[in-house]
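Chains as they are written, first to last, in our numbering: chain E, 21 to 384; chain S, 21 to 384; chain F, 21 to 384; chain G, 21 to 384. Take a look at the structure set out below.
There are 4 protein chains.
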Amino acid sequence: MMKISVSIVNVTSYTGIELLRLLSQHPHFSVEAVTARSAAGQRLYEVFPQCYAGLKQRDHSSTGFDAALVIAEEPEQTDLAFVCLPHAAAATSVVQLLERGTKVVDLSADFRLRDAAVYEEWYKHTHPAPALLETAVYGLCERYRERIEAATLIANPGCYATAATLALLPVVAAGMIVPDVIIDAKSGLSGAGRSPTQGTHYAEANEDVSAYSLSGHRHLPEISQELTAAALAGGNAFSWPLRITFIPHLIPMTRGILATCYADLRQDDQRHVSTTADVKALYEAYYADEPFVHVIDQPPHTKWSYGSNNCFIHPTVDSRTGRLVVISCLDNLVKGAAGQAIQNANRLFGLTETYGLSPMSLYP
Amino acid sequence: MMKISVSIVNVTSYTGIELLRLLSQHPHFSVEAVTARSAAGQRLYEVFPQCYAGLKQRDHSSTGFDAALVIAEEPEQTDLAFVCLPHAAAATSVVQLLERGTKVVDLSADFRLRDAAVYEEWYKHTHPAPALLETAVYGLCERYRERIEAATLIANPGCYATAATLALLPVVAAGMIVPDVIIDAKSGLSGAGRSPTQGTHYAEANEDVSAYSLSGHRHLPEISQELTAAALAGGNAFSWPLRITFIPHLIPMTRGILATCYADLRQDDQRHVSTTADVKALYEAYYADEPFVHVIDQPPHTKWSYGSNNCFIHPTVDSRTGRLVVISCLDNLVKGAAGQAIQNANRLFGLTETYGLSPMSLYP
Amino acid sequence: MMKISVSIVNVTSYTGIELLRLLSQHPHFSVEAVTARSAAGQRLYEVFPQCYAGLKQRDHSSTGFDAALVIAEEPEQTDLAFVCLPHAAAATSVVQLLERGTKVVDLSADFRLRDAAVYEEWYKHTHPAPALLETAVYGLCERYRERIEAATLIANPGCYATAATLALLPVVAAGMIVPDVIIDAKSGLSGAGRSPTQGTHYAEANEDVSAYSLSGHRHLPEISQELTAAALAGGNAFSWPLRITFIPHLIPMTRGILATCYADLRQDDQRHVSTTADVKALYEAYYADEPFVHVIDQPPHTKWSYGSNNCFIHPTVDSRTGRLVVISCLDNLVKGAAGQAIQNANRLFGLTETYGLSPMSLYP
Amino acid sequence: MMKISVSIVNVTSYTGIELLRLLSQHPHFSVEAVTARSAAGQRLYEVFPQCYAGLKQRDHSSTGFDAALVIAEEPEQTDLAFVCLPHAAAATSVVQLLERGTKVVDLSADFRLRDAAVYEEWYKHTHPAPALLETAVYGLCERYRERIEAATLIANPGCYATAATLALLPVVAAGMIVPDVIIDAKSGLSGAGRSPTQGTHYAEANEDVSAYSLSGHRHLPEISQELTAAALAGGNAFSWPLRITFIPHLIPMTRGILATCYADLRQDDQRHVSTTADVKALYEAYYADEPFVHVIDQPPHTKWSYGSNNCFIHPTVDSRTGRLVVISCLDNLVKGAAGQAIQNANRLFGLTETYGLSPMSLYP
C-alpha cells in the first residue's frame, strides 16, 4: 500500500485538529510531522487529550497519525503539507514548502484570489508571494478537478465561498439568472477559529443571532471571482458586472453553514428555466457525478452534514414571485475546510477522491 | 389605583405563561381568570412550578396574579381578555368574549388579515367570524395607535410579521424602494409553540439550522397586507404589486427573531436616498417617538431584546451594490407576542404604553 | 417616595449589568453613578447597546437608571454602592466607600470569610482590610436577616455557596445529618465571568460537560464556614469537623446552578428524621417565611429560576439507601449574585425585601 | 476479505442510525437488512436524508451499507443482528433471531440483569424469555472479553451503567473502597431517545438542568449487579450489601455522559491506597491493555469522546477529606450504545476489537 507522508502546519487550529481526525482513517496519508509555534515541544495528546486514545489504538504499521508526535516549530520534509496558518503567515510557509518539493494544500486565503490587487484591497497588505498566484489552483474539485490533479499548490476555498459557490454554479454557468445575487449565510461559531474573543465567549454567543461584516466579508471577492469565472467559462458573460450582496450571520452552534441564495431567473432567454422541476433537473445534471454534492427535494439541515464532507443543495423557485431560492449547507470544518483539503489532496496524488471522507454525518 | 380585571385564555401556551410573567409587574392589570382545556381544575403553580414563588411573594392587594388561581375551562367575565388559542378556536372564543363586553387582544391569526378570502387561502378553512374583520384593528401601535385606542378587538401581529414590517415600514411608507423585497428571517424554537414534535425535539434541533415553509409561511400575507397598506397610506402606491420572498429559518436557541431584509432603493425619484446616513435619518425620524423601536448604528443581536419588548433596527446600504439591507430583531414571545399584546392593551385602556414592559433585556 | 442613590462599581461585569436590569424596576433605588476602568468615559448604552431602549422609555422623575450615564473611573458619593470588582480590588474600593459613609454590598469574596487566615490560604494573598471582617455581615438573609438590617457592609455570598448552604441549612441546624457531605454542583457559563478564555470559548464549551477545581474551589471554605456556624448556632456542634467534598461542573448553558447534595441521616438521635415526608416537613418549617426559598415536591429545573431571585429546593430520602439527597437550584446571576445583593440592600435600608425582584422567571 | 452480513432491527432509533454511521467504516460487517415497523417500505435515505450521500459514494463491492436499502418489517437472515428495540419487544425479536442461528447483540435492557425477579421489579412485567438469561453475556469487554467471544447473545450495557461501572471497577475489584457509593451522572438528551416528549422539547430542555428518576433509574440494578460481581470475583465480597445512590441529570447537549463517583477508601486494609498517585497507578494497571479506556491526569470533558468509542477516567483523592472521586465520561450513543455493540460484535466474530471504531472524537 502506497504511503504518502504528510505534515500539518499549525496543527493547533480547528482545521488542523480536524485534519488529524479525518486523516486517522485515511488509507494512504500518514501524518509524519506537525507544527504549531505556541505548542512546540509538546506531544499531540498533551495539547489535545482526546488524541490520547490513539496511543493505545494505533497499529504502528498503519497510516493515520501517532498521538505521541512531538509538535515542531518548523515543518519537516514530507510529500504533502496542509497549511493551516492565518493569511500572510501561510504564504511564507507555502513558499518554503514548495521550494523543498512538497506539494501543498493551503487552507488560508493567500492563494485564493488570482489578482494580487484584489487580495491587497481585502487583506490590507501586499501579497507575500504574488508569483505563485499563477501556479495556485483554486481547490474546488467540482470546478477544477483536472487542474488540481496537475497542481503543486492548492488554494483551499473558504467555507462560505464553498457553500455559496456550489449553490449558484449551475445556474450561473448556464446563464440562467439575472446577474444580481443575495447570499444570506448562517454559520456556527467554529468558523471564527480557536482564539477566544468577546464575541465568541459562550455567554455572549449562546442564545444569540447576529449579522456581521456588513461592510464586506473577505469571502465575497472569492465568491465573486468564481461565479464570474463560471459565467465566462459557460459563454454566458454577464452584460453588466455580477452584483452580489453577501451577509453572514453567527448562529449559536459549533459547526455548520447554511447559505440561502436569492436571484431572479432570466426571462429573456429561450432556454430559460422557470419551475422548481426545471432548476432541479439542471442542478442534478450539473452535479450528477459529484461524490460530495447532493441535490435534494427538501430544505437541508446543517446537521445532515455534521462531520461529513457532504454538501446538500435544495434549488427551488418561489411560486409567488418566480424567484430562484437555492439553499445549500455543509460542515464549515469539513467540506468548508479540512475535508475539502483532503479531497483536493487525494486528487493531487491521483487517489480516489473520497478516501478518508466517510459519507455519514454524526446524527443526532 | 385603577385595577382592570384580565383573563388569559389558554394560559398553558408559551404566550400565555409569558403574559403571566409580564403582567406580574403591571400596575393596573390584574389577572383574575385563566383557562386551558387540557389543564382545567389544576392551579397555576401545579402546571408551572416556577409560579410557585408567587404564592409567597404576592401582596394580595396588588395587581399581577395569584399563583393559586384554578385554571378553568371557560373564561369568566373580566374587563379584558388575552386569547392565546390556535387559529379558528380563537375566533370562536373572541365572539363570545366580545358579546359579554370584554375587550379582547387576540394573539392568534384569526383577525389579522382583513380579507376573509385571503384568510381562507392561507388557513384552509372558512373564516369563523368574518363580520368581525371590520371591527378588528391590527395591533401594531407603530402604525395604528389611534385606532387601537378606540378598538374593542385587537388582532395582535405575528412574530415574523412584526419584525419584518417594522424593518421595512419607513422606506415603504416613503416610497423609497423598488417594490421587490426579500426577507430572510431566523427564529428561535419557542416560536414553534409548546407541543413537542420531531422537529422541535432537542436532539434534532440542537446544532442545526434549516429553512422551512418554502412554499409559503402564513405570516407572509400579513406582511404583504401591511406593507401594501403603508405604501398606499403614504401616497406611494407601487406601480406593480409588491413582490415579497419570505424565507424563515429555525435557529438552535429558545427565543429571538432576526430578520434580514433586502430591497433595491429607487433611482427614479428626486427624493431618493442612497447612503446609509440617508436611510438612518429616515428611520430615526420615523421611529423618533416610538418607545420600543430603536434605530441603531451596528448590527443588532437578538440577545439585546431577550425578554424585553424592544425591537432593534439597523438600516444600511451595501456600499458595493447600493442595495438596502435592514436588519431587525426582537423577542418573538415579547414584542412578537405577549409584550406587544400588553402594549396594545395599555392603549386599549388609555394607559401609558410602556406599563408592565421593562426596558431591560436579560443579559447575558 | 423615598429615593436612595446607588452606585455600581465595575458595571461592565455580568453582575454589574444584571444589577442594572433589576434596579430598572426598583421603586426606591436610583442608579446615579457607575464605574468601570476599562470603559470610563463611555455612556452605558454605548457599552451595552441593549440599554439604549432605556433612553426613550425612562421617565426622568423615576428611579431606575439613565442609559446615558457616563461611566466613571471612580465612584461618586451615593447612599449605597454595589461593588462588583474582583477580590482584592474590591476590598480597596470598599474601604474608601465606607469612609465616605456609603453603605456597601460587596459582591466579591473579600469579606465572606471571617478568618483572614482562611482567606489568605484560599486567595493566596494577605487580606487587604482585615479590620473590616468584624464589621462585615454575610449577606444570606435566610440566616442573618437582623444583622443585615443593622450593617453597613454586606459580604454578598458566592453563587455555589448560596445554592449549597440553602440546600443543607435546615438539616445541619437541626443536627439531623452525619457531618459528612458531598455537593455535586452544576453551573452555567456566566458564572465564569465576562472575560473570554479558552474554556469559555463557545466552540469549546458548547456540547461539553466537565468537572473543574478538583483541588478545591474557593466557595468551599464559605460553605464550610456557614454550615459549621449553623450547626453551632443550633446547638448541634459536630463531634468531629464537618467533612465536605464539593465538585463543581461546567454545563453548556448561560445561567443557572443546580446543586445535588448527599449526606447520611443520623441514626443515633431520637429526633431523627428518616423519610422524605419527614425531611420535607423540616424544610418547609425552616423556610416557611422566606420569600425566595421554595420547598417543592419534585426535582427542580434551573429554568424555573431563570432571571428570578428564587431558589427551589427538593429534599428527599433515597428509599434504597436511606441517604438524604437535597437538590437546590437558582440563577447564579440573581439569587447567586445581583438579586441577592438587592435583597440585602432592601434590608439595609429597611425596605420590603422583595422590592425590585419579580417572582417570575423567564420561561421557556 | 471476510464479509459478515448484518441486520439492524429498529434502525430508526438513535442507536440504529449510529450503528449505520459506524458500520459504514467497518472492514467486515456489511449491513444487508434493516427493519423498523413505523418506516417499513421506505428506503434508508428517505427516512434519513443524510444517508443520501451514500448513494453516490458507495463502492458496491465494499462493506458498509447501501443507502437505498428498503426498510423491512421483520429481519431477514443474516450472520449477526443488532437489536435496537425497546425492552420486552427486544426479547421477542431476540428469541426469533437466535432460533435462526443469527448471533445477536441486543442493545435493550432485556438480558442485562441475570435475575428475572430483579428485571420484573424494575421493568414491571414478566421477563419475556427468562431461559435466555443464562445464555446471555453482559457485553462489557473490559470485564467479560472471553465469555463474549464464546457467546451467541450479548446484552449490551446501558449507557449510564457503562460509565459508572468502568469508573468504579478497579477499586471495587481490588476491595479498596467502603461499599457505599454515590454516582452523580450527567447526560445529554439523545439518551432519552428519538420520540419527542415535553421534557425533550427544545424550548424546555435548552438552558436547563434537572435531576430525574430520583425514585430509581433502571440502570441502577445493572450497576449494582456488575459491581457486586466484580467484588466477589476479586475475592473482596463486601461485608454488607453494596449501597449505591445513583442520581442522573439531564444536560442541555445532544451527546455525552459524565459520571462523578464518590466513595470512601477503606482504612482497615494494609493494602489500602490513599493518594491520587496510588489510585491512578491502580487504574492504569487495571486498564493497561484496554483499547477504549483511558486513565488521565485531568478532569475529562465529554467533548473528548464525542462520536468516539473512548471512555476517559480521572480517578483522584480529595485531599481535604481523603475521599475517592472518580470522573468518567463517554459518548452515550457510542461507548454507551452502538460503539460498544460493535466492539462486542467484533469479539463475537473473532475480529480485532477496534474495527470500525475510530480513535478520534469530533472536536470541537
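For each residue, glycine too, the CB sits at the ideal point set by N, CA and C.
Beta-carbon neighbours of residue i, restricted to chain E and to distances below 8 Å
| i | result |
| --- | --- |
| Gln318(G) | Pro69 |
| Gly276(S) | Glu227, Asp228, Val229 |
Amino acids of chain S, ordered along the chain, whose beta-carbon sits closer than 9 Å to that of residue i
| i | result |
| --- | --- |
| Thr322(G) | Correct list: empty, because the minimum Cβ distance to chain S is about 14 Å. |
Under 8 Å from the C-beta of residue i: neighbouring residues of chain F
| i | result |
| --- | --- |
| Lys206(G) | Lys206, Val229, His269, Ile271 |
| Tyr232(G) | Pro319 |
Partners in chain F for residue i, counting only beta-carbon separations shorter than 9 Å
| i | result |
| --- | --- |
| His314(S) | Pro69, Tyr72, Ala73, Leu75, Lys76 |
| Ser44(S) | Ser378, Pro379, Met380 |
Within-8 Å CB hit, residue i to chain G
| i | result |
| --- | --- |
| Tyr222(S) | yes |
| Ser381(S) | no |
| Leu209(S) | yes |
Chain F contact residues for residue i, given Cβ-Cβ distances below 7 Å
| i | result |
| --- | --- |
| Ala225(E) | Tyr222 |
Cβ of residue i within 8 Å of any chain E Cβ
| i | result |
| --- | --- |
| Val345(S) | yes |
| Gln62(F) | no |
| Ser328(G) | yes |
| Ser235(S) | yes |
Element boundaries [beta strand (DSSP E), containing residue i]
| i | result |
| --- | --- |
| Cys179(F) | Segment 179-193 is the alpha helix (DSSP H) holding Cys179(F); no beta strand (DSSP E) there. |
| Glu52(S) | 49-55 |
| Val31(F) | Segment: none, Val31(F) is in no beta strand (DSSP E) and carries neither H nor E. |
| Ser207(E) | 197-207 |
Enclosing alpha helix (DSSP H) for residue i [first to last residue]
| i | result |
| --- | --- |
| Glu227(E) | Premise fails: Glu227(E) is in no alpha helix (DSSP H) and is neither H nor E. |
| Ala19(G) | The shown model of chain G, from 21 to 384, leaves out residue 19(G), and the question about it has no answer. |
| Leu64(G) | 64-67 |
| Arg167(F) | 161-169 |
Where residue i meets chain E, residues with beta-carbon distance less than 9 Å
| i | result |
| --- | --- |
| Thr217(F) | Pro216, His221 |
Residues that residue i contacts on chain S, provided the C-beta gap is smaller than 8 Å
| i | result |
| --- | --- |
| Gly36(F) | Here the premise fails: no neighbours, minimum Cβ distance about 11 Å. |
Chain S contact for residue i (CB, 8 Å cutoff)
| i | result |
| --- | --- |
| Pro335(E) | no |
| Arg286(E) | no |
| Pro106(F) | no |
| Leu40(F) | yes |
Per-residue contacts from residue i into chain G (C-beta, under 8 Å)
| i | result |
| --- | --- |
| Thr374(E) | Gln77 |
| Ser339(F) | Ser235, Gly236 |
Amino acids of chain S, ordered along the chain, whose beta-carbon sits closer than 7 Å to that of residue i
| i | result |
| --- | --- |
| Pro9(E) | What the structure shows of chain E is the stretch from 21 to 384, and residue 9(E) is not part of that stretch, so it cannot be assessed. |
With 16 other Cβ atoms within 10 Å as the buried cut-off, status of residue i
| i | result |
| --- | --- |
| Ser58(E) | exposed |
| Asp135(F) | exposed |
| Asp351(E) | buried |
| Leu252(F) | exposed |
Chain-ordered chain E contacts of residue i [CB-CB under 7 Å]
| i | result |
| --- | --- |
| Tyr282(S) | Ile202, Thr265 |
Chain-ordered chain G contacts of residue i [CB-CB under 9 Å]
| i | result |
| --- | --- |
| Pro311(E) | Ala73, Lys76, Gln77 |
CB contact below 8 Å: residue i versus chain A
| i | result |
| --- | --- |
| Ile202(S) | No chain A is part of this structure, whose protein chains are labelled E, S, F and G. |
Just to confirm the assignment: which complete alpha helix (DSSP H) runs, minimum length 4, are found wholly within the stretch 232-319 of chain S? 240-253, 296-306
Counting only runs of 4+ residues fully inside the stretch 73-155 of chain G, write out the alpha helix (DSSP H) ranges in chain order. 109-119, 136-143
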